[in-house]
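Q: Can you keep this structure in mind? I'll have questions shortly.
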Amino acid sequence: MAIDKNAKIYVAGHLGLVGSAMVRRLQAAGYHRLLTRTRQELDLLDQRAVYDFLEHEKPDYLFILAAKVGGIQANNTYRADFIHQNLAIQNHLIHGAFRAGILDLCFFGSSCIYPRECPQPIREEYLLTGPLEKTNEPYAVAKIAGIKMCEGYNDQYGARYLCVMPTNLYGPSDHYDLANSHVLPALIRKIHEAKARGDEELVVWGSGRPRRELLYSDDLADACIRLMELGVGSGIYNIGTGQDHTIRELAETAMEVIGFPGRIAFDTSKPDGTMVKRLDVARITALGWRAATPLREGIARTYADFLAHPPS
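Throughout, the numbering used here is defined as the position within the sequence shown, counted from one, plus 429.
See below:
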């Protein structure tokens, strides 16, 4: 089921890492009636404003990419903010979509919804089979609530609200905050600044042994557009590469791309987080989709974005 190129598509969170990728890929695919609003134009924490916007615009499709996100330190420090803001944003958008008669919606979750200790690679049916990782539990609980909310509207009202669970993401328009961003953008900034200072050593949090699967943001956008175009309807879909790397390997690859010749030192007083987390992507690959961007190429593109838009 191809989407009409004249369909009105609302991308909630269009300025973020995933949202900007979604806008790029939709435009490249020929979709031209895209709805976007900045936070100043539409506060997604304001229920009435969201309801009124969706009722007035009545988009045909809705991609919910807006969320409060961050790395281990941010998740563990701002626990109340992460659960409250994410619950509010998704509640307003999902129920607001239903109120406005919008039946096609894509909700973005996260691989952190899965139990801390579960078989690898992680399959969609492992959801709610064990305890969550403590450091990002509030964010994960909010995202699980969003998944169950979509399932409820599908079951009760026949909506087609699908849920995608991406692995760890990186790419242009990321946040490069040293304390609050995800592992790869934080590494890129740390390595760049260490190189600029002429440091001989790069200090990385943890032991360097945890393994992480990384997905370039434009690849995620392509997967979501494909799911919508195929008309798969409801369900949970893991989106990833099916391959993972140690934190040490990620740091070394980024160091090579950036051109930092120093050595790595690991600060084992800092938390590692989940040791292994790789997604089983058989469900999405069975539909003919695979990630297209190799890790080194993706890091090079992301570093070029960092240089073009350096953090303040």
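Glycine included, each C-beta is placed from N, C-alpha and C at the ideal position.
Hey, alanine 569 and cysteine 541 are a contact pair by Cβ (cut 8 Å); roughly how many whole angstroms apart?
A: Confirmed, about 5 Å.
Q: For lysine 415, which residues does DSSP report across the bridge?
A: As shown, the chain starts at 430 and ends at 741. That puts residue 415 outside it, with no answer to give.
Q: With H, G and I counted as helix, E and B as strand and the rest as coil, what does DSSP make of arginine 589?
A: If DSSP states are grouped into helix, strand and coil, arginine 589 belongs with the strands.
Q: Report the rounded CA-to-CA distance for aspartate 696 versus alanine 715, giving the unit in angstroms.
A: Using only the alpha carbons, I get a separation of about 41 Å.
Q: Under a three-way DSSP split, which group does isoleucine 676 fall into?
A: In the structure shown, isoleucine 676 sits in a helix (DSSP, three-state: H, G or I).
Q: What is the DSSP secondary structure of isoleucine 576, reduced to helix, strand or coil?
A: Three-state DSSP puts isoleucine 576 in a helix.
Q: Considering only their Cβ atoms, is the gap separating leucine 613 from alanine 623 smaller than 8 Å?
A: It is not a contact, given that the beta carbons lie outside the stated cut-off.
Q: Go to phenylalanine 735, then tell me how far its alpha helix (DSSP H) extends in each direction, as first and last residue.
A: Run containing phenylalanine 735: 724-737, per the alpha helix (DSSP H) assignment.
Q: Cα-Cα, which of Glu629, Pro601 and Glu580 is closest to alanine 650?
A: The shortest Cα separation from alanine 650 among Glu629, Pro601 and Glu580 belongs to Pro601.
Q: Going by the DSSP bridge assignment, what does isoleucine 595 pair with across the sheet?
A: Going by the sequence as given, residue 595 is proline instead of isoleucine. Ile668.
Q: Could you please give the first and the last residue of the uninterrupted beta strand (DSSP E) stretch that includes tyrosine 480?
A: Not the beta strand (DSSP E): tyrosine 480 falls in the alpha helix (DSSP H), residues 476-486.
Q: Go through its chain and collect everything with a Cβ distance to proline 560's Cβ below 7 Å, but skip five positions before and after it.
A: Closer than 7 Å at Cβ, skipping near neighbours: Pro544 and Arg545.
Q: Touch check for the segment 511-530 and the segment 482-501: three-plus C-beta pairs under 8 Å?
A: Segments in contact, yes.
Q: Look up cysteine 547 in the DSSP assignment and say whether it is helix, strand or coil.
A: The answer is coil: DSSP assigns cysteine 547 none of H, G, I, E or B.
Q: Looking at the structure shown, is isoleucine 493 part of a helix, part of a strand, or coil, going by DSSP?
A: Strand.
Q: Any idea if leucine 644 is buried or exposed, counting beta-carbon neighbours within 10 angstroms, 16 or more meaning buried?
A: Under this definition leucine 644 is a buried residue.
Q: So the alpha helix (DSSP H) glutamate 622 belongs to, where does it begin and stop?
A: 612-626 is the span of the alpha helix (DSSP H), which, as asked, contains glutamate 622.
Q: Classify isoleucine 531 as helix, strand or coil using the three-state DSSP reduction.
A: Coil.
Q: Just tell me which of Ala574, Asp709 and Val633 has its CA closest to the CA of arginine 552.
A: Minimum Cα distance to arginine 552 is reached at Asp709.
Q: According to DSSP, simplified to helix, strand and coil, what is leucine 556?
A: Three-state result, leucine 556: coil.
Q: Looking at isoleucine 665 and methionine 594, is the spacing between their C-beta atoms short of 8 Å?
A: Result yes, Cβ atoms of methionine 594 and isoleucine 665 sit closer than 8 Å.
Q: Here's the rule I'm using: 16 or more other beta-carbon atoms within 10 Å means buried, otherwise exposed. How should lysine 577 be labelled?
A: Lysine 577 should be labelled exposed.
Q: Going by DSSP in three states, glutamate 630 sits in which element: helix, strand or coil?
A: Here glutamate 630 sits in strand by DSSP.
Q: Looking at C-alpha atoms only, which residue of Tyr599, Val661, Tyr507 and Asp472 is the closest neighbour of leucine 534?
A: Closest by alpha carbon: Val661.
Q: Is the Cβ-Cβ distance between arginine 641 and isoleucine 676 less than 8 Å?
A: Yes; because the gap between Cβ atoms is below 8 Å, this pair is in contact.
Q: Starting from the C-beta of glycine 727, find all residues in its chain whose C-beta is less than 6 Å away, skip the five residues before and the five after it, and write them out in chain order.
A: Answer for glycine 727: Tyr645, listed in chain order.
Q: What residues in its chain sit with their C-beta under 6 Å from that of histidine 443, if we drop five residues either side in the sequence?
A: Here the set comprises Val452 and Thr465.
Q: Cβ atoms of leucine 463 and leucine 455: under 8 Å apart, would you say?
A: The answer is yes: Cβ separation under 8 Å.
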